[in-house]
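So that you can map any letter, position 365 of the sequence shown is 362 in the working numbering, and since no number is skipped, the others follow by simple counting.
We put the beta carbon where it would ideally sit given N, CA and C, even for glycine.
None of these values were measured; they are calculated from a predicted model.
Inspection log for the structure reproduced underneath, given as structure tokens.
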Amino acid sequence: MTFDLHNRFMTLALGLGRRGLGNAWPNPAVGAVVVKDDIVVGRGWTQPGGRPHAEVEALRRAGEAARGATLYATLEPCSHHGKTPPCIDAIMAAGIARVVSALEDPNPRIAGAGHARLRQQGVTVDVGLGRETALRDHAGHFRRVRDGRPHVTLKLAISADGKAGLSGREPAAITGEAARARVHLMRAMNDAVLTGIGTVLSDDPQLNCRLPGMEPRSPVRVVLDSDLRLPPKSRLVGSATRTLDWVFVDEAARPAHEDELTKEGVEILRVPGSAGTLDLSAVLRALAGRGITRVMVEAGPILSAAFLSADLVDEAALFRSAVPLGEGIDALDGMPLSALTLSPRLRLVGREQVGADTLEMFERK
């Protein structure tokens, strides 16, 4: 097999794995392809809720054709008993002759053990093909395992004159339809979207995915609301039975209308707070403990600046409009936009046109 063909099969597996982003938590969104005689005979990706795993799906579809074939996987197959048997058992039972993995799994229950057991059983194992792309695709899994928190993407939109909204926190449409559609797609590829109570009170957002046919892919909606001011008549509460709403409050808060919100399907979570602000690291640890691996922050200037100041931003998506707004508020409270664009901890990795707007992507160095 030529390297180009070899690479093409891993590229296919990576593309399949991305189908599970935002939908596979608490498990990583893995892609897998079974190839025999240079022909794809089975393909799979991690299913909603994290199981069945991608490898099992691909082997199921391949059937008897898997015997003597090569399995391409974007992450090391699991070797431990969880809620399902280890993937390596299914791989060996199917008669796979070779496994090509993009990455070793950082999970200490696996961490090379899957590859080692396969080799012990005479299966050829190669690791590293597609590594850089796989690292980006599995960034949430790696961040949760290694740092105990989700991978955080900060999304900002600014006008041509650098404003994020009108004075007085009045809502304003800054970007065009194409950019808004991209944001909906980004929501679908994250496990959760997080905002502050200030944004909820001023904009009454829905924070779901409203692309055609994709509302079921909407992320968990997380609101930071230390004193629990979330209005029972807000659109978030009104749709809480269809899309999960988790609201973080100060652990000392005992708001009167908490029961009213919980009856509507809102889940109240408590973390340490001080002077009306919540401990962001505690919030992220709590989200990771619930299986969240990727969270997108869509918030106002105060909370956006707080995440940046706390060095909790792993990626940033900056949408720039070509239209000025006039008088308004800055995107980051108390700091210039250059705190993001020229941050020593972030680097520009891409720029593209999205309709009439420009999207700049940054990632942690």
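Taken through DSSP and simplified to helix, strand or coil, THR43 comes out as coil. Of the residues assessed, ASN104 falls on the buried side of the cut-off, its CB having 16 or more other CB atoms within 10 angstroms. Positions of the beta strand (DSSP E) runs, each at least 3 residues long and wholly inside the stretch 76 to 157, are given as 95 to 98, 121 to 124, 148 to 155 in order along the chain. Separation of the CB atoms of GLU261 and ALA237 is rounded to 5 Å, and the pair is thereby assigned contact status at 8 Å.
Within the same chain, and ignoring the five residues on either side of ASP247 in sequence, the residues whose Cβ sits closer than 6 Å to its Cβ are SER223, GLY270. Only exposed fits PRO168, as fewer than 16 other CB atoms lie within 10 angstroms of its CB. Between GLU264 and LEU225 the beta-carbon gap is near 12 Å, outside 8 Å, which marks them as no contact. Judged by DSSP in its simplified three-state form, ILE171 adopts coil rather than helix or strand.
Under the three-state reduction of DSSP, ILE36 is assigned to strand. Taking a cut-off of 8 Å on C-beta distances, the stretch 318 to 335 does not touch the stretch 116 to 127, as fewer than three cross pairs fall below it. DSSP, read as helix, strand or coil, puts ILE299 in helix. Under DSSP, TRP243 forms a beta bridge with VAL219, GLU264. According to the DSSP assignment, ASP200 belongs to no beta strand (DSSP E) but to the alpha helix (DSSP H) extending over 194 to 200.
C-alpha of LEU9 to C-alpha of VAL30: approximately 7 Å in a straight line. Counting along the chain, VAL234 sits inside the alpha helix (DSSP H) bounded by residues 232 to 235.
Cα atoms of PRO82 and ARG5: separation of roughly 29 Å, rounded to the nearest angstrom. Between the C-alpha atoms of ARG179 and GLY19 there is a straight-line separation of about 15 Å. Taken atom to atom, the span from the alpha-carbon of VAL351 to that of LEU337 is near 20 Å.
In terms of Cβ geometry, GLY41 and GLU54 form a close pair [threshold 7 Å]. When the five nearest sequence neighbours on each side are left out, the beta carbons in the same chain lying within less than 6 Å of the beta carbon of VAL97 are those of TYR69, ASP123, LEU126, in order along the chain.
VAL292 is positioned such that its CB atom lies no closer than 7 Å to that of PHE304.
Between ALA87 and SER76, the alpha-carbon positions lie close to 10 Å from each other. In this structure, the straight-line span from the alpha carbon of SER301 to that of GLY39 is close to 43 Å. Burial of ASP134 is indicated by the presence of at least 16 other C-beta atoms within 10 angstroms of its C-beta. For GLU61, the secondary structure class from DSSP, reduced to helix, strand or coil, is helix. The three-state reading of DSSP puts GLU54 in helix, counting H, G and I together. As for any beta strand (DSSP E) of minimum length 3 sitting wholly inside the stretch 295 to 349, the runs are 312 to 317, ordered along the chain. Cβ-Cβ distances below 6 Å link GLU349 to LEU356 in the same chain, with the five nearest sequence neighbours on each side left out; the list follows chain order.
By the CB criterion at 7 Å, LEU151 and ALA313 fall inside the cutoff.
For a cut-off of 8 Å, the C-beta gap from GLY145 to ARG239 is around 30 Å, too long to register as a contact. 7 Å or more divides the Cβ of ILE85 from the Cβ of GLY65. Counting along the chain, the unbroken alpha helix (DSSP H) around GLY286 starts and ends at 277 to 286. In this structure, LEU309 lies near LEU277, with their beta-carbon atoms less than 7 Å apart. If you draw a 10 Å sphere on the C-beta of LEU258, you find 16 or more other C-beta atoms in it, and that means buried. Boundaries of the beta strand (DSSP E) harbouring ARG361: 354 to 361, taken from the DSSP string. Assignment of ALA272 by DSSP, reduced to helix, strand and coil, places it in the coil class.
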